[in-house]
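Trainee:
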Ligand SMILES: Cc1ncc(C[n+]2csc(CCOP(=O)(O)OP(=O)(O)O)c2C)c(N)n1
């Protein structure tokens, strides 16, 4: 059965052969991947690979038209795209072998590569907004460089692709999207997953489409040239569908397709036909390539296996100071001030988000008039949390400093893939060649009556991802400082999520302390704040973000009504958490009450409690957290479920009993 | 090296080879002003205060509780904050004499290499924070403390090193002996270098705390020929109002309330929950109150193990069980064992006051007298008498204990009725702590807290 073949096969004789140089390139990719499969069977490689055998010409065709500054973002099936551009067999072999000589020092492996402006990531769809972000950076910087991205037809099922097409067209981004249409996604045929017409999808967004196939390389190279030139000159996106065949298994030996069907594909594969019809031409080229590959494998295997774990960051010595700050403005204005200062100081800073432009100025009025002051750099976006986060990832990879507002923290999980599988991973899996210092600002928390889906404290779901930093703003350390630091080069560049508790927006930001106490701040970039009393405290209260005003009230009441001295430890940075500097503060009394607004199960308080216990088993500790149910709109019940000063006082008394 | 001034101790008494470093008043690395009180040292004659001769940053050479050979240097004062950890041990004669003022510090400051502290391993060498001196705080005195300060006529300057002053600080000031040396979190630890004695006839867990040199020689004289304990007693008179109030509100009994209050108070007065052995105070780790019962069937002392962790309700229930067992002659040896303090209630016999005798292996006993009335007055009162072992504590501690107890019993007048607002199950009154022990917990419901045991019952 071969009715699935859309295009009748062409006879070799009678149409133009591509340049020998290009045939060598395509054949090199094929022999490289065949070699990989062999190395696998010999046990010299492990993990997984996805070969592009049968599809080599898309990569070769694109590479023909790119300039060094153009970027390519590829997916899991990326070897051909990379080799066509670089020819670096040894570097890729070593990478697949998990060796230090690999292009990403063996950290990324087959589907996570980064070299010579070729990137890849093994998450279907997620790379598209990232490539769009790179395109936006190129557009903002001027010039004629372009950004290209490869996707498979199975990835037409991912929603973020459409969020990205929309943005690319709307903002007129120089983005070339190449769809490799091999009619299969792993084991699933297109017939099972695709409705409607492929090209219509792009057209619906007003994006120009082109079409080619890998069976006629000369024609494909020409079409690719037309596509690249269009994107380069028109500074508009273009969608190019390339029909092709995957001749081998999805990864290794996982092919359930009808052998007859594959045989028919092999029939029309250009390199097979060339081999069959022109053996005398192909033979010497193959022999030369095999020798080259032998040498590359030897070179790869001469470098040591990657075996160095990243050192856990040393928290260093801590100093405590009374770093006061003057303004007694509301938190919402201090955030505005910090963002504004960052926009003024650094032309690479960009704000994106839903409804952030003036006159609306953001759902919580943080950005106010910034879009008027910085017209191109403060922009409203569609309701596309995943795409705008991905877009900012691309901007950051390209050296910009994007800050995204996610309207409610409850929507943060829509962007989770971009945080966890992209932003957090880039620096590590690309062996430190890039950084992605995106900033995601998001209002969290309850007590405003917004109900079950707009009041949560979801930070625990994204806490603990290596390569990220999570901050929780509070009113005792100037929020303006936080954003100025984050959007400058004075702190290590890394993806950062900033929790802005809604309840804090209206609080006055100042270092004022409960009477009898003073605020000290640690010497960290994003300090631990410590409300200290001189004398012997009875307990310490740990809290962060929106619980701080309640903790302060509780400290006041514990002293005035119960004759109890409680100190507060409130970190600005809740991941990575600087637990060790907190220890001596907790040991002053040996008792700690840990408070968080969200649900306690697997929360930050539980984590810190465990961490401190490991350091000192004599500590007495207790937690306060939200009652384990959803947050209702009804005010009395909402207030009863969430911790407050009264609960903190009660639990402190219980801890002291 | 930063110029360093040693904190040296002269030999006070020819017989002392060692002195005990009782307390540091300034933390390692903290700023100290000239003439400020730095440490307290105990010699066989007296406790001696050690003051700073110059201003600077303190280096502690020994931890609190250490036996320091004399003459010795217990620490030094640097011009700059130290970079070395505390307790580096004896500072040899290498301690440089303090240079004249104005001499610049040598450039090379020895710093502890950062790598010496591997990240995320064991207990960290906590770097001692620099915190602003107390002067920059606005001092605040709790309402309770303010009342006490006024009542005792204490000058506020007595609390100069505290930004917050509350009752415990005032008590510590009044009774420096019983003030805990370490922070409460560490109060349950054996002081370093103190050996545990484990006489065969003591089965309660305890910690051995070496008695002060003064106390030892005092005890040795007094003890000659008088048995183990050297008893002395103190009595206070209480109004019955507080007790009446709580008994109106809660289904309990006067002895249960007493056991409840005394047990929690004993944590504060550990020398009353202890026994004496050869110059050592064996401080019990648990508070197990024994309640003496005698209705003619013979004196039995029923024990309430770890009753400081029990709620009033739990104690009430337990007391009822033990009383029934006593009446039915079913008290088991286990129910009689391991008391660490005894309460004896002779109110049923109309006794207004008496001096109870300390039980074996204990350090104090509380006697409760019967309610009495002044002529023409409806206002009842009763006496509480504490007999204590003078080798372990003193009259002042006993008086403070009794007054504290009296305060607590009378305070029921005000607080009764509020008791239900605490974290207890609103159905069975089990506290959160009790529930934890049986692997249950409190749930928040529309009617307050409910425990998972009661919830299951529905
Ligand atoms: C988000 C996500 N879902 C699922 C997968 C697992 N996966 C890897 S490749 C693949 C098939 C992709 O098909 P297609 O986009 O057509 O590309 P092709 O493999 O055909 O090149 C799947 C399901 C993945 N890597 N990422």
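Protein chains in written order, with this note's numbering: chain A, 44 to 700; chain B, -4 to 453. Quick reminder that beta carbons are idealized off the backbone N, C-alpha and C, glycines included. Given the structure is predicted, the values throughout are model-derived calculations rather than measurements.
1) Flag residue 552/A as yes if its beta-carbon sits less than 8 Å from any beta-carbon of chain B, otherwise no.
2) Give a single yes or no on whether residue 166/A has its beta carbon closer than 7 Å to a heavy atom of ligand 1.
3) Does the distance between the C-beta of residue 198/A and the nearest non-hydrogen atom of ligand 1 fall short of 7 Å?
4) Assuming residue 230/B contacts residue 377/B under a Cβ cut-off of 8 Å, what Cβ separation, rounded to an integer in Å, is found between them?
5) Can you have a look at residue 408/A and say buried or exposed, based on whether 16 or more other CB atoms are within 10 angstroms of its CB?
6) Taking C-beta to C-beta, are residue 3/B and residue 29/B nearer than 8 Å?
7) For residue 146/B, return the contacting residues in chain A, with the cut-off set at a CB-CB distance below 9 Å.
8) Buried or exposed: which applies to residue 499/A, given that a residue is buried once 16 or more other Cβ atoms fall within 10 Å of its Cβ?
9) Which ranges does the alpha helix (DSSP H) cover as unbroken runs of at least 4 residues, wholly within the region 376 to 452 of chain A, from first to last along the chain?
10) What residues from chain D crowd round residue 558/A, counting only those whose CB sits closer than 7 Å?
11) Would you mind working out which of 333/A, 306/A, 310/A sits nearest residue 68/A, comparing C-alpha positions?
12) Does the distance from the CB of residue 594/A to the CB of residue 586/A come in under 8 Å?
13) Taking 7 Å as the cut-off, is the beta-carbon of residue 235/A closer than that to any non-hydrogen atom of ligand 1?
14) Tell me which same chain residues have a C-beta within less than 6 Å of the C-beta of residue 106/B, skipping the five on either side of it?
15) Buried or exposed: which applies to residue 570/A, given that a residue is buried once 16 or more other Cβ atoms fall within 10 Å of its Cβ?
16) Can you tell me which of the three DSSP states residue 27/B falls into?
17) Taking 8 Å as the cut-off, does the region 16 to 29 of chain B touch the region 48 to 60 of chain B (at least 3 CB pairs, one atom from each stretch)?
18) Thinking just about the alpha-carbon of each residue, which of 263/A, 380/A, 473/A is nearest to the one in residue 522/A?
19) With a cut-off of 8 Å on the beta carbons, I'd call residue 113/A and residue 189/A a contact; round off their distance for me.
20) If the criterion is Cβ atoms closer than 8 Å, does the pair residue 644/A and residue 675/A meet it?
21) Answer with yes or no whether the minimum CB distance from residue 681/A to chain B is below 8 Å.
22) Counting only Cβ-Cβ distances shorter than 8 Å, please list the residues of the region 363 to 388 of chain A near chain B, keeping chain order.
23) Relative to the C-alpha of residue 563/A, which residue among 442/A, 225/A, 519/A is closest?
24) What are the complete alpha helix (DSSP H) segments, minimum 4 residues, inside the region 209 to 274 of chain A?
25) Can residue 225/A be considered in contact with ligand 1, in the sense that its beta carbon sits closer than 7 Å to one or more heavy atoms?
26) Take residue 214/A as the anchor and find which of 338/A, 344/A, 422/A, 327/A has the nearest alpha-carbon.
27) Leaving out the 5 sequence neighbours to the left and right, which residues in its chain are closer than 7 Å to residue 159/A when beta-carbon positions are compared?
28) Roughly how many angstroms separate the alpha carbons of residue 224/B and residue 308/B, rounded to a whole number?
29) Under a Cβ-count criterion, where at least 16 other Cβ atoms within 10 Å of its own Cβ denotes burial, should residue 446/B be classed as buried or exposed?
30) Determine the contact status of residue 121/A and residue 98/A, defining contact as a CB-CB distance below 8 Å.
31) Output the distance between the C-alpha atoms of residue 535/A and residue 416/A, rounded to the nearest integer angstrom.
32) Only counting the same chain, and skipping five residues up and downstream in sequence, which positions put a Cβ closer than 8 Å to that of residue 436/B?
33) Taking 7 Å as the cut-off, is the beta-carbon of residue 228/A closer than that to any non-hydrogen atom of ligand 1?
34) Taking 8 Å as the cut-off, decide whether the C-beta atoms of residue 406/B and residue 602/A are in contact.
35) Could you give the DSSP three-state label for residue 165/A: helix, strand or coil?
36) Measuring alpha carbon to alpha carbon, tell me which of 152/B, 200/B, 262/B ends up nearest residue 356/B.
Mentor: According to the data block:
1) Here residue 552/A refers to the residue found at position 509 when the first chain is read from its first residue. No, because no Cβ of chain B sits closer than 8 Å to the Cβ of residue 552/A.
2) Counting from one through the first chain, the residue named residue 166/A turns up at place 123. Yes, Cβ of residue 166/A sits closer than 7 Å to a heavy atom of ligand 1.
3) By one-based count along the first chain, residue 198/A stands at place 155. Result yes, Cβ under 7 Å from ligand 1.
4) As a first step, residue 230/B must be located in the second chain, where it is residue number 235. As a first step, residue 377/B must be located in the second chain, where it is residue number 382. That pair is no contact at about 11 Å.
5) Taking the first chain and counting its residues from 1, the one referred to as residue 408/A is at position 365. Result: exposed.
6) Start at 1 with the first residue of the second chain, and residue 3/B comes out as number 8. Start at 1 with the first residue of the second chain, and residue 29/B comes out as number 34. Result no, Cβ atoms of residue 3/B and residue 29/B do not sit closer than 8 Å.
7) Stepping through the second chain from its first residue, residue 146/B is reached at position 151. Result: empty, since nearest Cβ-Cβ is about 15 Å, beyond 9 Å.
8) Here residue 499/A is taken as the residue at index 456 of the first chain, counted from 1. Burial call: buried.
9) 413 to 416, 428 to 440
10) Reference to chain D is not applicable here, since the protein chains of this structure are A and B.
11) Reading the first chain from its first residue, position 25 is the one you call residue 68/A. Minimum Cα distance to residue 68/A is reached at 333/A.
12) Position 551 of the first chain, counted from the start, is the residue given in the question as residue 594/A. Position 543 of the first chain, counted from the start, is the residue given in the question as residue 586/A. A contact, by the Cβ cut-off of 8 Å.
13) Position 192 of the first chain, counted from the start, is the residue given in the question as residue 235/A. No; taking the cut-off as 7 Å, the Cβ of residue 235/A has no heavy atom of ligand 1 nearer than that.
14) As a position in the second chain, residue 106/B is number 111, starting the count at 1. Note that residue 106/B has pLDDT 29, beneath the 50 cutoff, so the model's placement of it is unreliable and the number below is only indicative. 78, listed in sequence order.
15) To locate residue 570/A, count along the first chain from 1; it is residue 527. Around the beta carbon of residue 570/A, a 10 Å sphere encloses 16 or more other beta carbons of the protein chains shown; the residue is thus reported as buried.
16) Position 32 of the second chain holds residue 27/B. Residue state, collapsed to three classes: strand.
17) yes
18) On the first chain, position 479 is the one that residue 522/A refers to. For residue 522/A, the nearest C-alpha among the options comes from 380/A.
19) Here residue 113/A refers to the residue found at position 70 when the first chain is read from its first residue. Here residue 189/A refers to the residue found at position 146 when the first chain is read from its first residue. Sure, about 5 Å apart at Cβ, within 8 Å.
20) Counted from its first residue, the first chain places residue 644/A at position 601. Counted from its first residue, the first chain places residue 675/A at position 632. No, the Cβ-Cβ distance between residue 644/A and residue 675/A is not below 8 Å.
21) In the first chain, the residue the question calls residue 681/A occupies position 638. Taking Cβ atoms only, chain B never reaches closer than 8 Å to residue 681/A, which makes this a no.
22) 363, 364, 365
23) As a working mapping, residue 563/A is identified with position 520 in the first chain. Taking only the C-alpha atoms, the option nearest residue 563/A is 519/A.
24) 233 to 236, 241 to 247
25) Stepping through the first chain from its first residue, residue 225/A is reached at position 182. Checking every heavy atom of ligand 1 against the Cβ of residue 225/A, one is found closer than 7 Å.
26) On the first chain, position 171 is the one that residue 214/A refers to. Of all alpha-carbon atoms in 338/A, 344/A, 422/A, 327/A, the one lying nearest the alpha-carbon of residue 214/A is that of 422/A.
27) Locating residue 159/A in the first chain gives position 116, where the first residue counts as 1. If we look at residue 159/A and ignore the five residues flanking it on each side, its Cβ neighbours are 128, 129.
28) As a first step, residue 224/B is located in the second chain; it is residue number 229 there, counting from the start. As a first step, residue 308/B is located in the second chain; it is residue number 313 there, counting from the start. Rounded to whole angstroms, residue 224/B to residue 308/B spans 34 Å at the Cα level.
29) Translated into the one-based positions of the second chain, residue 446/B becomes position 451. Classification for residue 446/B: buried.
30) For this step, residue 121/A is matched to residue 78 along the first chain. For this step, residue 98/A is matched to residue 55 along the first chain. Against a cut-off of 8 Å, the Cβ pair of residue 98/A and residue 121/A comes out as no contact.
31) As a first step, residue 535/A must be located in the first chain, where it is residue number 492. As a first step, residue 416/A must be located in the first chain, where it is residue number 373. For residue 535/A and residue 416/A, the gap between their C-alpha atoms comes out near 28 Å.
32) On the second chain, position 441 is the one that residue 436/B refers to. Cβ neighbours of residue 436/B beyond the five flanking positions: 427, 430, 446, 447.
33) Residue numbering aside, residue 228/A sits at position 185 when the first chain is read from its first letter. At least one heavy atom of ligand 1 is nearer than 7 Å to the Cβ of residue 228/A, so yes.
34) As a working note, residue 406/B is residue 411 in the second chain. As a working note, residue 602/A is residue 559 in the first chain. Cβ distance not < 8 Å, so residue 406/B and residue 602/A don't count as in contact.
35) In the first chain, the residue the question calls residue 165/A occupies position 122. Residue 165/A: coil per DSSP, three-state reduction.
36) Taking the second chain and counting its residues from 1, one reaches residue 356/B at position 361. Relative to residue 356/B, the option among 152/B, 200/B, 262/B whose CA is nearest is 200/B.
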